[in-house]
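Q: Got a structure for you, written out below as structure tokens; questions coming shortly.
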Amino acid sequence: MKILTIGDIFGQCGVEHTAFVLPGLIKEENIDFCIANGENASGAGITKSDYDRLIDAGVDVITLGNHTFGKKDVFSLLENSYDIIRPANYPQGVAGRGYGIYKRGNKKIGVINLMGRVDIPISLDCPFKSADSVIEKIKDECDIIAVDFHAEATSEKKAMMYHLDSKVTLLFGTHTHVQTADERVTPRGMGYITDIGMTGAEESVLGVEKEIILERFITGVGRKFVYASGRASLSGAIFTVDDETLKCTDVRRICIR
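Anchor point for the sequence shown: position 11 equals 14 in this note's numbering, and the numbering is continuous, going up by one each time.
See the structure below:
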């Protein structure tokens, strides 16, 4: 089985590029299942229209992050749609689900969304304990478990790799918008990469017009963010899972222009 993961889809540029390249990518790479982080698809958050475009393009599950509740549409989406989830370690009582179980062929795939706590100014439960709690609930119902860990610190993500090794099939990081070159398969058969990158405008600083960010760094005075446009790329990773052993056998970074 091949599982495609797509890094933070940012703004209309990212949504449009995903809609343009994803159907062909799925066909060319024989993708069985697609997980995409869409917390920035509509800027800070996701709207119903952008959700629809991503699902129609071939995304099977949309994960979120610190901007989960940035758009009012998300409350209805989380209540009525099973193919969009938010971090499982939001405090109890928050709208939505932190995981889902999806069937592909004769396999069931559990997808868990988690969020880190280092340098993320939101009240969150411990992601490590939350991961254990969800895994304990779903492990007997799933053949494969995939985790999107939406976190700022590479150290926290690497620690999560060691914590979840042998407990899940694949773990990929999102949030920093910069793809890392540390993809690996652990000796216990878990696929891992610290961050799969961003899907959006290449001539930007993490998706925002570069002039605005340069001004902020040079003068210390910030202006309202304007999301960049122009040539785009889709960043992510493809995880190959053995159908018999249910262990990951390969992780390959991708960047599709």
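Ideal placement from N, C-alpha and C gives every residue a C-beta, glycine not left out. Computed from a prediction, not measured in an experiment: that's the story for all the values here.
#1: Within the continuous beta strand (DSSP E) that includes K170, where are the two ends?
#2: To the nearest whole angstrom, what separates the beta carbons of E42 and D11, a pair I think is in contact under 8 Å?
#3: Please classify L57 as buried or exposed, where buried requires at least 16 other C-beta atoms within 10 Å of its C-beta.
#4: Specify the secondary structure class of A240 as computed by DSSP and reduced to three states.
#5: Could you give the first and the last residue of the continuous alpha helix (DSSP H) run that contains L81?
#6: How many angstroms separate the CA atom of C129 from the CA atom of N40?
#7: Would C16 and S232 qualify as a contact pair, given that the criterion is a beta-carbon distance under 8 Å?
#8: For D185, I'd like the list of residues in its chain whose CB is within less than 7 Å of its CB, leaving aside the five on either flank, ordered along the chain.
#9: Going by DSSP, which residues form a beta bridge with H153?
#10: Ordered along the chain, which non-local residues of its own chain (more than five positions away) have a Cβ less than 7 Å from that of V208?
#11: If you check the beta carbons only, do I88 and G73 fall under 8 Å apart?
#12: If you draw a straight line from the C-alpha of S158 to the C-alpha of H70, how long is it?
#13: Would the segment 129 to 141 count as touching the segment 101 to 108 if we require 3 or more Cβ pairs under 8 Å?
#14: Using DSSP bridges, identify the partner residues of I36.
#15: Let's test the definition: count the other Cβ atoms within 10 Å of the Cβ of G108 and tell me whether it reaches 16, buried, or not, exposed.
#16: Are D122 and A156 closer than 8 Å when you measure CB to CB?
#17: In terms of residues, what are the limits of the alpha helix (DSSP H) holding K140?
#18: Enumerate in chain order the residues of its own chain whose CB-to-CB distance from L127 is below 7 Å, with the five nearest sequence positions on each side excluded.
A: Quick answer:
#1: Mapped onto the sequence shown, residue 170 falls at position 167. Run containing K170: none; DSSP gives neither H nor E here.
#2: Within the sequence shown, numbered from 1, the residue matching residue 42 stands at position 39. Within the sequence shown, numbered from 1, the residue matching residue 11 stands at position 8. Confirmed, about 7 Å.
#3: Within the sequence shown, the letter at position 54 stands for residue 57. Buried, since its Cβ has 16 or more Cβ neighbours within 10 Å.
#4: Position 237 of the sequence shown, counting from 1, holds the residue named residue 240. It is a strand residue.
#5: Translated into positions along the sequence shown, residue 81 becomes position 78. Residue range D76 to N83 is occupied by the alpha helix (DSSP H) that includes L81.
#6: By one-based count along the sequence shown, residue 129 stands at place 126. By one-based count along the sequence shown, residue 40 stands at place 37. About 21 Å.
#7: Numbered from its first residue, the sequence shown carries residue 16 at position 13. Numbered from its first residue, the sequence shown carries residue 232 at position 229. Yes, the Cβ-Cβ distance between C16 and S232 is below 8 Å.
#8: Here residue 185 corresponds to residue number 182 of the sequence shown, with the count starting at 1. Closer than 7 Å at the Cβ level, and outside the excluded window around D185, lie I196 and T197.
#9: By one-based count along the sequence shown, residue 153 stands at place 150. The partner list for H153 (beta bridge, DSSP) reads M118 and T177.
#10: Residue mapping note: residue 208 aligns to position 205 of the sequence shown, counting from 1. Excluding positions up to five away in sequence, the list reads I216.
#11: Position 85 of the sequence shown, counting from 1, holds the residue named residue 88. Position 70 of the sequence shown, counting from 1, holds the residue named residue 73. Contact: no.
#12: Working through the sequence shown from its first residue, we reach residue 158 at position 155. Working through the sequence shown from its first residue, we reach residue 70 at position 67. Rounded to whole angstroms, the gap between the alpha carbons of S158 and H70 is 22 Å.
#13: yes
#14: The sequence position of residue 36 within the sequence shown is 33, counting from 1. The sequence as given places Phe at residue 36; Ile does not occur at that position. In DSSP, F36 forms a bridge with I6.
#15: Start at 1 with the first residue of the sequence shown, and residue 108 comes out as number 105. Classification of G108: exposed, given that the 10 Å Cβ count is below 16.
#16: Taking the sequence shown and counting its residues from 1, the one referred to as residue 122 is at position 119. Taking the sequence shown and counting its residues from 1, the one referred to as residue 156 is at position 153. In contact: D122 and A156 (Cβ atoms closer than 8 Å).
#17: Indexing the sequence shown from 1 puts residue 140 at position 137. Unbroken alpha helix (DSSP H) run through K140: P130 to I141.
#18: Within the sequence shown, the letter at position 124 stands for residue 127. Counting only Cβ-Cβ distances below 7 Å, and skipping sequence neighbours, we find N92, Y93, M118 and R120.
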